[in-house]
Amino acid sequence: MVTGRRRYRKISSYVPSALTLNFNFSEAEAGFFEAWYSRTLNEGMEWLEMPLQLPA
Numbered sequence: 001m002v003t004g005r006r007r008y009r010k011i012s013s014y015v016p017s018a019l020t021l022n023f024n025f026s027e028a029e030a031g032f033f034e035a036w037y038s039r040t041l042n043e044g045m046e047w048l049e050m051p052l053q054l055p056a
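Numbered per UniProt numbering, the sequence shown spans residues 1 to 56.
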């Protein structure tokens with residue numbers, strides 16, 4: 001069993017500090033997302049990794 005603080009390694013030299021996203025969900029999809037966010041991400045306290053397609 002590992003104890004102590006988590007350590008993170010830098011994998012990129014450029015990482016944006018803030019990102020604003022807009023999601024276009026139907027009412028049912030929005031409800032599913034809100035439940036997933038609440039239960040799986042512990043109200044946003046857990047990490048989320050999401051691939052993004054950004055302009056080069």
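No residue lacks a Cβ here, since even glycine has one placed at the ideal position from N, Cα and C.
query	result
Proximal residues to Ser12 (C-beta, below 7 Å), its chain only, five neighbours per side dropped	none
CB contact check: Pro51 to chain B, cutoff 8 Å	In summary, chain B is missing from the structure at hand, where a single protein chain is found.
Beta-carbon proximity list for Glu46, same chain, < 8 Å, skipping 5 on both sides	Thr40
Beta-carbon gap between Tyr37 and Gly44 smaller than 8 Å	yes
Proximity to Leu52 [Cα-Cα], best of Thr20, Asn42, Gly4 and Ala28	Thr20
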